[in-house]
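The structure under discussion appears below in the form of C-alpha cells.
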Amino acid sequence: MNFKEIQDLIKLINKTNLTEFKMKDGEFNISIKKGDEQGDKAIVVQQPMMQYPSAQMPVQPAFQAPAAPSAPAAPAAPAKSADASEEKAADTSNYLEVRSPIVGTFYRSSSPETPPFAKVGDTIAKGDVVCIVEAMKLFNEIESEVSGTIVQVMVEDAQPIEYDQVLFLVDPS
Numbered sequence: 007m008n009f010k011e012i013q014d015l016i017k018l019i020n021k022t023n024l025t026e027f028k029m030k031d032g033e034f035n036i037s038i039k040k041g042d043e044q045g046d047k048a049i050v051v052q053q054p055m056m057q058y059p060s061a062q063m064p065v066q067p068a069f070q071a072p073a074a075p076s077a078p079a080a081p082a083a084p085a086k087s088a089d090a091s092e093e094k095a096a097d098t099s100n101y102l103e104v105r106s107p108i109v110g111t112f113y114r115s116s117s118p119e120t121p122p123f124a125k126v127g128d129t130i131a132k133g134d135v136v137c138i139v140e141a142m143k144l145f146n147e148i149e150s151e152v153s154g155t156i157v158q159v160m161v162e163d164a165q166p167i168e169y170d171q172v173l174f175l176v177d178p179s
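Per this note's numbering, the sequence shown runs over residues 7 to 179.
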C-alpha cells in the first residue's frame, strides 16, 4: 500500500463513525484509531521493504462497523422478494462490469449543468470516459475497459466509492 492509498484510507475512515480500523495483508499491517474530538488520534503503519504495485494489490478492509443501537425487528420479507432478488442476480451474471480503479467520490458528469458521460442505454467502447472520481481534490476521468451497452448505473451521483467497486453493468452484445 503506497502513501497516497494510506491517505485516502484515512480520509475515508474520518468520514465514518468508526473508532478503530485494522488491516493485515501478508506482511503489511495498518492500524488506525480515532480518539475523542480533541485530536487524540493514533496511526500505526508497518510495511515490509518490498513495495507492491498498487494495481495488483487487492484491498480487503478487515474491519467491522460499530454496532448500531438495536431497533425493533422488522417483519420478515415475503418469499416472493427473495425469489425476485435471486432472479435479478442471475440476470446480471452475463453483464460485464466497469469497476473503480481508485477510492473517491463518484460523479456522472463534469459539472451539474452538463449531461452525464454515460447513462443507461448508451453504447460505450473500450477507452470511453464513463464518469469522474474525485480523490484528494483531483478529478480523475474513468475510462471503460469494456465495450457494450450500459444496462445499469450501480452508484448514485456524488456518492463515496471504494476501490474495485462496480460502477456500471454493461451488456457486451
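Beta carbons are placed, not taken as given, at the ideal position from N, Cα and C, and that holds for glycine. Predicted model, so just to flag it, every value in this text is computed and none were measured.
Consult DSSP for E147 and reduce its assignment to one of helix, strand or coil.
-> In the three-state scheme derived from DSSP, where H, G and I count as helix and E and B as strand, E147 is classed as strand.
Nearest neighbour of T155, chosen from G133, S115, Y101 [CA to CA] = Y101
contact_flag[the region 167-176, the region 114-121] where n(CB pairs < 8 Å) is 3 or more | no
Put L18 into one of helix, strand or coil per three-state DSSP.
-> helix
Cα-Cα separation, D128 to V152 = 13 Å
Measuring CA to CA, which of S37, L24, A141 is closest to P107?
-> The shortest CA-to-CA distance from P107 to any of S37, L24, A141 is the one to A141.
Span separating the alpha-carbon of Y113 from that of V161 = 9 Å
Taking Cβ positions, are I130 and V159 nearer each other than 8 Å?
-> no
Between V136 and A124, which are expected to be in contact by the criterion C-beta below 8 Å, what is the C-beta distance as a whole number of angstroms?
-> 4 Å
Bridge-paired residues (DSSP) for E140 | In the DSSP output, where bridge partners are listed per residue, E140 has T111, F145.
Nearest to S115 by alpha carbon, out of I16, I138, F34, V126?
-> I138
Evaluate Q57 with the Cβ neighbour count: other Cβ atoms within 10 Å of its Cβ, from every protein chain shown; 16 or more gives buried, anything less gives exposed.
-> Here the model assigns Q57 a pLDDT of 48, short of 50, so the residue's position is not dependable, and the following value carries that caveat. In summary, Q57 is exposed, with fewer than 16 beta-carbon neighbours lying within 10 Å of its beta-carbon over all protein chains present.
Where does Q171 fall in DSSP's three states?
-> coil
Contacts around E26, its chain only, beta-carbon distance under 6 Å, and the 5 residues preceding and following it disregarded = For E26, same chain residues with a beta-carbon under 6 Å away, outside a window of 5 residues either side, are K39 in chain order.
Smallest Cα separation from M29: which of Q165, I148, V157, I12?
-> I12
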